[in-house]
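The numbers in our numbering rise by one with no breaks, and the one at position 95 of the sequence shown is 95. All C-beta atoms in this analysis are idealised placements derived from N, C-alpha and C, irrespective of residue type, glycine included. Remember, it's a predicted structure, so these values are computed and weren't measured experimentally.
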Amino acid sequence: PLLHVWDCGGQPQFLELLPAFLTSRTMFLLLFDASVDFNNRWRSVHYQQGRKFPGEEVNITVLELLHKWMASIHAHLARFQNGVLPDYPRMIAIGTRGDKLRLKKKDEIRKNVAHTIKKKAFVNIFKRVCIVDNTTAGMGDNEDKTYKYLREEIYKLVSEKLIVKTPIKWVLFRKVLQV
């Protein structure tokens with residue numbers, strides 16, 4: 001099976017681009033910095049030559065922005081399915097920088113996200129919250145076991161649920177980006 005990966009950046013303005021990447025066969029990995037308090041206002045960060053530069057700060061919390069992405073994805077999926085969503089979850093929230101957190105804090109974050117979406121319309125397409133240790137990716141036996149879970153979930157979705165032709169709009173959009 002063919003897998004396309006699109007990184008939408010997470011900034012609020014990219015929500016407008018989201019429909020260009022959505023089909024009824026899309027899986028969503030929503031990444032967030034788990035080391036940042038969910039109640040803080042969201043701030044973009046840019047890195048140049050290993051140096052960190054703070055970017056814009058918006059008047060929305062990290063958790064509210066995560067919910068906005070989830071709600072937008074849900075709305076577009078419902079449109080593709082004539083209001084009926086598929087019978088399988090396809091959205092995983094992934095907290096990065098898990099190496100900076102103790103196990104208790106990771107559990108608290110997982111529970112917090114799960115609790116805040118419990119009554120949201122998109123709860124049925126949400127699979128789970130994972131917290132990953134960025135410093136261990138690709139490190140063999142030393143790799144955070146969450147990466148294995150994520151690979152298995154992606155493979156399972158691609159091999160069992162997404163066996164279809166690539167949408168022409170993706171192919172055309174890719175050609176436009178390559179020019």
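Span separating the alpha-carbon of residue i from that of residue j
| i | j | result |
| --- | --- | --- |
| Lys169 | Ala20 | 8 Å |
| Lys104 | Leu63 | 19 Å |
| Gln178 | Thr26 | 22 Å |
| Leu150 | Arg110 | 15 Å |
| Phe14 | Asp7 | 10 Å |
| Ala137 | Val171 | 30 Å |
| Asp141 | Gln48 | 31 Å |
| Ser44 | Pro54 | 6 Å |
| Val113 | Ala71 | 14 Å |
| Lys148 | Asp37 | 26 Å |
| Phe28 | Ile117 | 16 Å |
| His115 | Arg102 | 20 Å |
| Val176 | Glu16 | 18 Å |
| Val5 | Glu108 | 29 Å |
| Lys119 | Met139 | 38 Å |
| Arg174 | Pro167 | 11 Å |
| Ser159 | Asp144 | 24 Å |
| Gly50 | Asn39 | 27 Å |
Beta carbon proximity, residue i to chain D, threshold 8 Å
| i | result |
| --- | --- |
| Glu108 | The structure shown contains no chain D; it is built from a single protein chain. |
Neighbourhood of residue i by C-beta distance below 8 Å, restricted to the same chain and skipping five residues each side
| i | result |
| --- | --- |
| Asn134 | Thr96, Arg97, Gly98 and Asp99 |
| Asp127 | Here residue 127 turns out to be Lys, not Asp, going by the sequence shown. Result list for Lys127: Pro89, Arg90, Met91, Ile92 and Glu153, in chain order. |
| Lys106 | Ala34, Gly95, Gly98 and Ile131 |
Assumed close pair residue i, residue j - CB separation to whole angstroms, cut-off 8 Å
| i | j | result |
| --- | --- | --- |
| Leu30 | Trp69 | 6 Å |
| Leu18 | His76 | 7 Å |
7 Å CB neighbourhood of residue i in its chain, flanking five on each side removed
| i | result |
| --- | --- |
| His74 | Ala121, Phe122 and Ile125 |
| Arg41 | Glu57, Val58, Asn59, Ile60 and Thr61 |
| Leu66 | Leu30, Phe32 and Ala93 |
| Lys52 | Val45 |
Where the alpha helix (DSSP H) through residue i begins and ends
| i | result |
| --- | --- |
| Thr116 | Leu103 to Ile117 |
| Ile125 | Where Ile125 is concerned, there is no enclosing alpha helix (DSSP H), given that its DSSP letter is neither H nor E. |
| Val158 | Val158 -> no alpha helix (DSSP H), and no H or E assigned at all. |
| Phe173 | Ile168 to Gln178 |
Residue i - partner residues in DSSP beta bridges
| i | result |
| --- | --- |
| Leu31 | Ile94 |
| Cys130 | Ile94 |
| Thr61 | Arg41 |
Residues of its chain near residue i, where Cβ-Cβ distance is below 6 Å and the 5 sequence neighbours each way are ignored
| i | result |
| --- | --- |
| Tyr194 | As displayed, the chain neither begins before 1 nor continues past 179, which places residue 194 out of reach and without an answer. |
| Thr146 | Cys130 and Val132 |
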